[in-house]
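Heads up: the structure comes next, in structure tokens.
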Amino acid sequence: MNTIHTDFFRVKKEHVYPALISARYAKWFTFTRDDWEQIKEKGSRCYVFMCHAPREKLPENVLEYIRWGETECRTTIRGTRGGGKICSQALACQARDKDKSRFYGWYDLGGFRESPIFMPYYAQYCHRFTLLQFQAMLDADFIVFISKEKMPIDEH
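Residue numbers (the working numbering): 6 to 161.
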């Protein structure tokens with residue numbers, strides 16, 4: 006999701022979270038809100054739609070965004086990898102739609118857990134641990150480390 010989508014559909018802050026979608030944007034040992042703001046200013050995808058609620062309880066603008074995902078929005082991965090499908094027909098979305106015990110529908114990502122430390126998954130990127138200094142969603146291209154106890158970020 007980019008700012009065009011958030012502005013057009015007027016999706017409220019409670020359903021839109023900052024996202025880091027590529028390891029190429031995490032260039033240093035920390036990733037800050039300022040780093041994310043730079044990605045946002047360039048017009049890159051920098052949000053994720055997070056809605057863990059049944060359709061009956063959603064406002065009309067959120068339902069409109071979900072309908073757009075069922076009719077017009079297409080996946081952007083290469084066609085040779087199954088891309089170009091209507092978003093709601095993607096494999097992961099279909100799996101979520103079938104699992105009624107954990108998800109409300111194809112659009113429901115189920116929530117997230119805080120993780121202050123992450124690193125890129127793929128070998129072509131420099132492998133380093135990065136400290137995430139604000140709450141943001143990470144793409145599946147990252148390995149996250151979840152501590153057993155909450156750690157203050159500023160602790161040395």
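Ideal placement from N, C-alpha and C gives every residue a C-beta, glycine not left out.
As the structure is a prediction and not an experimental result, all values here were calculated from the model.
- The DSSP-derived three-state label of Y127 is coil.
- Inter-residue distance for D144 and F123 is about 11 Å (C-alpha atoms, whole angstroms).
- Between L137 and F34 the beta-carbon gap is near 11 Å, outside 8 Å, which marks them as no contact.
- In this chain, the beta strand (DSSP E) harbouring A24 covers V21 to L25.
- L63 carries a coil assignment under DSSP once its states are collapsed to helix, strand and coil.
- Residue nearest to R118 within the set M142, Y70 and E65 is M142 (criterion: CA-CA distance).
- Taking D113 as the centre and dropping the five residues before and after it, the same chain places the C-beta of C56, H57 and R101 closer than 7 Å to its C-beta, in chain order.
- A97 sits exposed, since fewer than 16 C-beta atoms from the chains shown fall within 10 Å of its C-beta.
- Secondary structure note for L137: its beta strand (DSSP E) is the uninterrupted segment T135 to L137.
- Around the Cβ of I44, a 10 Å sphere holds 16 or more other Cβ atoms; the residue is buried.
- Note on Y52: 16 or more other CB atoms within 10 angstroms of its CB, so buried under the neighbour-count rule.
- Under the DSSP assignment, I148 falls outside any alpha helix (DSSP H), being part of the beta strand (DSSP E) whose first and last residues are F147 to F150.
- By the Cβ neighbour-count rule, H132 is exposed, with fewer than 16 other Cβ atoms within 10 Å of its own.
- K90 is a Cβ neighbour of T80, given a cutoff of 9 Å.
- Taking all protein chains shown into account, D40 has 16 or more neighbouring C-beta atoms within 10 Å of its C-beta and is therefore buried.
- If you look at F54, you'll find it in the beta strand (DSSP E) that goes Y52 to F54.
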